[in-house]
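Working notes, beginning with the structure itself.
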Amino acid sequence: MQNQVINGLRSTSCPGAGGRNGRSNHHHKLETENAKPERPSPIEPLIKPKVLIVHNAPLTRFGLTRLIEPSGRFEVCAETDDAPTARELFVQHQPQIVVLGLTLRGGDGIELIKDFRKLNPAVRTVVLSAREDALAMQRAFRAGARGYLVTGDDIPEILIALDQILAGDLYASPRVWRRLLENLANGAIESVTSELKHLSDRELQVFSLIGRGFGASRLANELHLSVKTIETHQTHIKEKLGLRSAAELSEKATRWMVHSVRRNLQFKKQASFKNGHTSPNPLVCSC
């Protein structure tokens with residue numbers, strides 16, 4: 001007997017043995033097999049979920065990319081700090097996941113979450129923000145966010161969050177859960193909700209920026225709205241909060257912002273003390 005390897009197939013032939021046409025059986029068998037159409041490989045390359053990063057801090061965007069890409073589980077398709085550009089990139093790349101901050105150039109994170117969900121209801125958004133107040137967390141989840149992290153969280157939390165929301169679950173980091181429970185225990189959620197619950201998300205955005213010292217012209221430029229529209233929002237805010245003048249509105253917004261910042265700083269100090277370290281986090285920013 002003689003072993004032959006033809007086209008990568010091993011066969012055994014007997015010299016002198018042939019079929020009706022004098023051709024060997026193994027030749028006939030190989031021709032029949034070669035005539036069959038090729039089947040696609042059952043193992044197809046896996047497509048990594050695409051992640052769009054929308055954040056106003058360049059170092060944070062850089063850090064997120066350097067963290068997410070090497071994991072091998074996700075692909076960062078694009079990044080930006082600008083809300084209008086983020087909408088264009090979302091339509092262009094069709095990402096499955098968006099990681100974004102709440103304060104953006106030319107827009108607001110809460111409004112962007114809503115816009116993304118209108119464009120694709122299946123998109124999963126994770127908020128990464130320095131804001132640890134109950135109102136920010138509440139509004140983000142209500143707008144459609146699937147996860148919330150703060151910039152003081154441990155670095156691996158972002159990958160845990162992406163895996164969990166991709167599986168269809170909601171995610172809040174341990175730090176966020178602790179903050180929510182503390183706010184719930186001391187009544188902060190109820191007090192904030194009762195005071196500002198009648199403001200729309202856009203009105204709350206305007207109110208927050210007023211607290212940071214934004215005037216009407218700067219607000220219009222920041223939010224890509226007309227000055228007249230900003231003034232209309234200010235009027236509605238005053239009516240809902242029972243304020244009589246622009247000065248009262250500015251004072252109340254400033255006090256609210258200062259109070260929020262102080263509470264955030266206090267919570268960060270407590271968390272740092274509990275963790276027993278103050279190691280820098282490359283994802284930390286002020287948005």
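Each residue of the sequence shown is one higher than the last, beginning at 1 in the working numbering.
Where is the CB? At the ideal position from N, CA and C, for every residue including glycine.
Short Cβ contact (7 Å threshold) for residue i with residue j
i, j, result
"valine 98", "phenylalanine 74", "no"
"alanine 220", "isoleucine 210", "no"
"leucine 100", "valine 54", "yes"
"valine 292", "alanine 140", "With the chain represented from 1 up to 287, any question about residue 292 goes unanswered, as that position is not in the structure."
"glutamine 96", "proline 49", "yes"
"tyrosine 148", "alanine 122", "no"
"threonine 65", "valine 76", "yes"
"aspartate 81", "asparagine 56", "yes"
Span of the beta strand (DSSP E), counted from its first residue to its last, around residue i
i, result
"alanine 167", "It is not in any beta strand (DSSP E) - alanine 167 carries neither H nor E in the DSSP assignment."
"serine 245", "Note, serine 245: premise wrong, no beta strand (DSSP E); not H, not E."
"glycine 293", "Missing from the structure shown is residue 293; the chain here goes from 1 to 287 and no further."
"leucine 52", "50-54"
"leucine 128", "124-129"
"isoleucine 97", "97-100"
7 Å CB neighbourhood of residue i in its chain, flanking five on each side removed
i, result
"proline 45", "Below a pLDDT of 50, predicted positions are generally treated as unreliable, and proline 45, at 44, falls in that range; the measurement from the model is reported next regardless. Closer than 7 Å at the Cβ level, and outside the excluded window around proline 45, lies no residue."
"valine 284", "For valine 284, the predicted structure reports a pLDDT of 48, less than 50, and the residue's modelled location is therefore unreliable. A value from the coordinates is still provided. Cβ within range, chain order: Thr151, Gly152."
Where residue i falls, given that 16 or more other Cβ within 10 Å makes a residue buried
i, result
"proline 174", "exposed"
"glycine 215", "exposed"
"leucine 204", "buried"
"tryptophan 256", "buried"
"glycine 242", "exposed"
"isoleucine 113", "buried"
"glutamine 234", "buried"
"glutamate 132", "buried"
"arginine 118", "Checking the sequence shown, residue 118 turns out to be lysine, not arginine. Result: exposed."
Same chain, Cβ closer than 8 Å to residue i, neighbours up to 5 away in sequence not counted
i, result
"lysine 240", "His198, Leu199, Glu203"
"glutamate 248", "Lys238"
Residue i - containing alpha helix (DSSP H), residue span
i, result
"serine 71", "It is not in any alpha helix (DSSP H) - serine 71 carries neither H nor E in the DSSP assignment."
"glycine 109", "109-119"
Cβ separation of residue i and residue j, assumed to be a contact under 8 Å, to the nearest whole Å
i, j, result
"alanine 136", "leucine 181", "Actually they do not touch by this definition, with Cβ atoms about 16 Å apart."
"aspartate 201", "alanine 145", "Actually they do not touch by this definition, with Cβ atoms about 12 Å apart."
Contact set for residue i: own chain, Cβ-Cβ below 6 Å, skip 5 residues either direction
i, result
"glutamate 222", "none"
Within-7 Å CB hit, residue i to chain D
i, result
"leucine 102", "In summary, chain D is missing from the structure at hand, where a single protein chain is found."
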